[in-house]
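Notes follow the structure.
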Amino acid sequence: MSADFIPKRPHKKSRGGCGTCKSRKVKCDEAKPKCAYCEKRDLVCIYVTKPTKSLSTQSHPQSRTDLLSDDLLFDFNEDVENIDRSWEMALVRSPSPPAVFSSIGFLSPTDLRYMHHWSTSTWNTLAVGNWADGVLQMEVPSLAFEFDFLQDCMLGIASCHAQQLLPDPQQAQRQTAIYRARALSSFRNALSNLKWGTRKYEAALITSLLLVLLCSKDYAMGDGELIAVNWLILYRGLSTVINLKTYEDIMSLSVSPIFRRELVPLKESPVIPKVLMNMVREVEPDDLDFAMLQCYCKALDALGLLYGQLRETGIGPALSIRVVTWPSYIQHDFAAAAQAKRPRVLVILAFYMVFMRLVRDLWWVDGIAQQEFGTLISLLDRRWLPYVEIPIKAMMMSSDEEVVGLILK
Numbered sequence: 000m001s002a003d004f005i006p007k008r009p010h011k012k013s014r015g016g017c018g019t020c021k022s023r024k025v026k027c028d029e030a031k032p033k034c035a036y037c038e039k040r041d042l043v044c045i046y047v048t049k050p051t052k053s054l055s056t057q058s059h060p061q062s063r064t065d066l067l068s069d070d071l072l073f074d075f076n077e078d079v080e081n082i083d084r085s086w087e088m089a090l091v092r093s094p095s096p097p098a099v100f101s102s103i104g105f106l107s108p109t110d111l112r113y114m115h116h117w118s119t120s121t122w123n124t125l126a127v128g129n130w131a132d133g134v135l136q137m138e139v140p141s142l143a144f145e146f147d148f149l150q151d152c153m154l155g156i157a158s159c160h161a162q163q164l165l166p167d168p169q170q171a172q173r174q175t176a177i178y179r180a181r182a183l184s185s186f187r188n189a190l191s192n193l194k195w196g197t198r199k200y201e202a203a204l205i206t207s208l209l210l211v212l213l214c215s216k217d218y219a220m221g222d223g224e225l226i227a228v229n230w231l232i233l234y235r236g237l238s239t240v241i242n243l244k245t246y247e248d249i250m251s252l253s254v255s256p257i258f259r260r261e262l263v264p265l266k267e268s269p270v271i272p273k274v275l276m277n278m279v280r281e282v283e284p285d286d287l288d289f290a291m292l293q294c295y296c297k298a299l300d301a302l303g304l305l306y307g308q309l310r311e312t313g314i315g316p317a318l319s320i321r322v323v324t325w326p327s328y329i330q331h332d333f334a335a336a337a338q339a340k341r342p343r344v345l346v347i348l349a350f351y352m353v354f355m356r357l358v359r360d361l362w363w364v365d366g367i368a369q370q371e372f373g374t375l376i377s378l379l380d381r382r383w384l385p386y387v388e389i390p391i392k393a394m395m396m397s398s399d400e401e402v403v404g405l406i407l408k
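This is the structure in structure tokens:
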């Protein structure tokens, strides 16, 4: 007999059992914070206590916090990262649409609305080409019903996408912030217990990539902070998950199509601007950047692929996929130097932002380069401005055709 099989036998009904046990029609021992059934199976255990009085029979209106039982985990004074998924359900009143219970907890009407938006509008706007369609349309929602970190990430991207389509996106913006905070928090916790060959590993692998999208548009950065730098850091998180196994192992998974980095192999030779080569050659042994030379060279090699692709095919899907995956070639030390705002890293990023401007048909990239380029330049002192003369001219041009002509000159 399987260890997971629980035979049905006469027992006293559990009135205060958790939502997971109730949905699976098994007896709950009502242990808190996690019952034995959920603990054994590593499931999310949620207790929702109904109000003792019906709203319709109360003699006077109650405040929102009065309607919540003390047993609920959500506290309106808590940081958003600690929000429990069950909190919205305590505020749902008839005739609101019914909630749905998944293996990881309640899905509120808001969750269901953005899940529908993902399945009808969002999934086919995220990648270049159609080779990842099966993963985004089928695998992501399937895994999201099992793992909260992926579900929050998926719903966050859907709500972020909805912002681009709404005349008044404020409500969607607030919801995106909630989903994003929950996704980042729960994903950090999930990374401590990953095992190759499990559904959780595949969910974490996809989440580590989708977080790049979720932390692009509508992501509040501090003064002097750059989304492009944030991409470098998030891609390091992706490499952490991937490095649990070999690249060949990753490519054997059903979710592997989403990690493609090129349409076809490049025929044109990579090209690196002379000004960047000179900048690296000028590094002296006593310079703090001398230990970073290998990282700089690898970053320039990857940048050379963008120049080669632009020369070979011009602006289009082949260039776009190379631009958005460029951070995946970057080493950890380079990402750390970008966080520290080291000048040579910022110079390389200035050239990269010109290519970000040329990305087509990806709403989550559109406008980021134009929005952040001025901030990046302001972080450089006058000594470094000659190195970014070409990017500055390119970003001031009105047409992309002029930009291409300048950077390929």
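In numbering that gives the first Met the number 0, the protein residues as written are 0 to 408. Positions of the beta carbon are idealized from the N, C-alpha and C atoms, including for glycine. This structure is a prediction, so every number in the text was calculated from the model and none was measured.
Beta-carbon spacing of residue i, residue j below 8 Å
| i | j | result |
| --- | --- | --- |
| leucine 225 | leucine 375 | yes |
| valine 353 | alanine 393 | yes |
| leucine 212 | isoleucine 156 | yes |
| threonine 109 | glutamine 163 | no |
| valine 402 | leucine 357 | yes |
| leucine 302 | phenylalanine 350 | yes |
| leucine 345 | glycine 307 | no |
| glutamate 267 | arginine 321 | no |
| tyrosine 234 | serine 327 | yes |
| methionine 278 | arginine 359 | no |
| leucine 405 | isoleucine 389 | yes |
| methionine 291 | aspartate 248 | no |
| valine 216 | tryptophan 122 | Here the sequence assigns lysine to residue 216, which means valine is not the residue at that position. In this structure, tryptophan 122 does not lie closer than 8 Å to lysine 216 by Cβ. |
| leucine 237 | serine 207 | yes |
| glutamate 283 | phenylalanine 289 | yes |
Residue i, buried or exposed, once every other Cβ within 10 Å from all chains shown has been counted against 16
| i | result |
| --- | --- |
| histidine 116 | buried |
| methionine 250 | exposed |
| threonine 56 | Caution is warranted here: a pLDDT of 39 is assigned to threonine 56, below 50, making its placement in the model unreliable, and the coordinate value is therefore given only provisionally. Exposed, since its Cβ has fewer than 16 Cβ neighbours within 10 Å. |
| alanine 219 | exposed |
| asparagine 188 | exposed |
| glutamine 410 | Given that the chain is displayed from residue 0 to residue 408, the structure contains no residue 410 and the question cannot be resolved. |
| proline 166 | exposed |
| serine 253 | exposed |
| tyrosine 200 | buried |
| threonine 245 | exposed |
| serine 397 | exposed |
| glycine 18 | buried |
| alanine 227 | buried |
| aspartate 300 | exposed |
| alanine 339 | exposed |
| serine 62 | Only weak support exists for where serine 62 lies, its pLDDT of 39 falling under 50; the value from the coordinates is given anyway. Its Cβ having fewer than 16 others within 10 Å, serine 62 is exposed. |
| aspartate 74 | Residue confidence for aspartate 74 is low, a pLDDT of 32 falling below 50, so the modelled location carries little weight and cannot support an answer. |
| serine 114 | Here the sequence assigns methionine to residue 114, which means serine is not the residue at that position. Buried: at least 16 other Cβ atoms inside 10 Å. |
Cα-Cα separation, residue i to residue j
| i | j | result |
| --- | --- | --- |
| phenylalanine 144 | leucine 209 | 16 Å |
| methionine 153 | leucine 142 | 10 Å |
| phenylalanine 186 | leucine 348 | 28 Å |
| alanine 171 | glycine 128 | 27 Å |
| isoleucine 257 | valine 134 | 7 Å |
| aspartate 399 | leucine 304 | 19 Å |
| proline 269 | glycine 315 | 17 Å |
| tryptophan 195 | lysine 31 | 30 Å |
| cysteine 159 | tryptophan 130 | 23 Å |
| leucine 262 | tryptophan 325 | 14 Å |
| lysine 39 | valine 25 | 13 Å |
| leucine 420 | valine 43 | Outside the shown range of the chain, which is 0 to 408, sits residue 420, and nothing can be said about it. |
| alanine 334 | cysteine 27 | 48 Å |
| aspartate 380 | alanine 180 | 34 Å |
| phenylalanine 148 | leucine 183 | 7 Å |
| leucine 287 | glycine 373 | 26 Å |
| asparagine 242 | glycine 15 | 44 Å |
| asparagine 229 | cysteine 294 | 17 Å |
| threonine 239 | cysteine 20 | 35 Å |
| tyrosine 386 | isoleucine 367 | 22 Å |
| leucine 125 | alanine 161 | 13 Å |
| aspartate 222 | proline 168 | 24 Å |
Start-to-end residues for the alpha helix (DSSP H) that takes in residue i
| i | result |
| --- | --- |
| methionine 153 | 147-162 |
| glutamate 224 | Segment: none, glutamate 224 is in no alpha helix (DSSP H) and carries neither H nor E. |
| arginine 40 | 35-40 |
| threonine 245 | Segment: none, threonine 245 is in no alpha helix (DSSP H) and carries neither H nor E. |
| arginine 343 | 342-356 |
| isoleucine 320 | 316-324 |
| lysine 24 | Per DSSP, lysine 24 belongs to no alpha helix (DSSP H) and is neither H nor E. |
| tyrosine 200 | 198-213 |
| glutamate 388 | 388-395 |
| glycine 424 | Past the edges of the chain, shown from 0 to 408, lies residue 424, and the structure says nothing about it. |
| glutamate 401 | 399-406 |
| phenylalanine 289 | First-last for phenylalanine 289: undefined, no H or E at that position. |
| lysine 273 | 273-280 |
| alanine 334 | 331-338 |
| asparagine 129 | Note, asparagine 129: premise wrong, no alpha helix (DSSP H); not H, not E. |
| phenylalanine 144 | It is not in any alpha helix (DSSP H) - phenylalanine 144 carries neither H nor E in the DSSP assignment. |
Minimum Cβ-Cβ distance from residue i to chain D less than 8 Å
| i | result |
| --- | --- |
| glutamate 388 | The structure shown has no chain D; it contains just one protein chain. |
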